[in-house]
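A short write-up of the structure that comes next.
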Amino acid sequence: MDAVSAEAGRTKIWDIEGREHELKETWAVQPVVLAFVRHFG
Amino acid sequence: MRHEVSRIHALGAELVVVGNGTNRFARAFADDIQLDTPLYVDPTCASYQALSLKRGIAPTLGSWRTWANMFRALRGGVRERRVAVILRWWRQSVPVLIPGAQGDAWQLGGVLIVLPDGRIAYRHHSTISGDHPRTSEVMAALAGSKWQLGFTSAEQQE
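Protein sequences appear in the order of chains A and B. FYI, the numbering for the first sequence is 1 to 41, going by the working numbering. FYI, the numbering for the second sequence is 42 to 199, going by the working numbering.
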């Protein structure tokens with residue numbers, strides 16, 4: 001099983017309030033189903 | 042996947058949606074589909090690129106499978122479904138005309154299951170527009186990942 005690279009984990013994402021987060025925060029406390037959507041259409 | 046939120050939570054996991062449009066469209070998107078899970082935006086698409094998700098005109102619109110999927114849906118559905126397919130196609134085409142509005146129209150998505158230690162228990166990278174994984178496949182992988190973590194749903198609830 002491969003793993004998310006440290007670099008990928010550090011990429012920035014923003015919540016809808018505009019607060020910045022690192023991607024790795026999403027799986028820090030529990031397994032996560034990460035759904036990347038094409039766009040908000 | 043959003044219809045599986047309860048099951049995902051029961052397995053001790055979370056569903057997180059990442060889109061590449063702006064906050065404004067993210068809010069509208071969440072309201073439209075009554076999304077009740079964490080939603081993030083990445084207008085830079087850096088996270089998409091870091092995870093090697095595909096991007097390009099050809100895979101987005103150029104594949105005959107993209108058009109075949111649409112025409113099959115149009116042929117097979119009842120009238121209301123046909124209208125829904127056409128509307129969906131139109132809404133997905135608008136970002137092509139207005140770059141950056143609802144997101145990067147050429148960026149494809151994907152689904153990953155990531156464990157707390159960073160291991161990837163499942164990944165599906167869309168190869169063409171409309172290429173989504175089967176929900177049952179994702180849920181099976183999630184259930185399997187719990188096994189790999191060494192705890193069960195019942196233990197998680199204690």
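Where is the CB? At the ideal position from N, CA and C, for every residue including glycine.
| query | result |
| --- | --- |
| Endpoints, alpha helix (DSSP H) assigned at Val-46/B | 46-51 |
| Inter-residue spacing [alpha-carbon to alpha-carbon] between Ala-6/A and Asn-61/B | 21 Å |
| Burial state of Ala-54/B (16 or more Cβ within 10 Å) | buried |
| Asp-15/A, DSSP secondary structure in three states | strand |
| Cα-Cα separation between Val-137/B and Gln-148/B, rounded to whole angstroms | Confidence at Val-137/B is low in this model, with a pLDDT of 49, below 50, so the placement of that residue is unreliable and no value is reported for it. |
| Beta-carbon proximity check, Gly-159/B vs Val-4/A, cutoff 8 Å | yes |
| Residue burial classification, Gly-151/B (beta-carbon count within 10 angstroms, cutoff 16) | buried |
| Ala-87/B versus Ala-51/B: straight-line alpha-carbon distance, rounded | 31 Å |
| Same chain, Cβ closer than 8 Å to Gly-185/B, neighbours up to 5 away in sequence not counted | Ala-162 |
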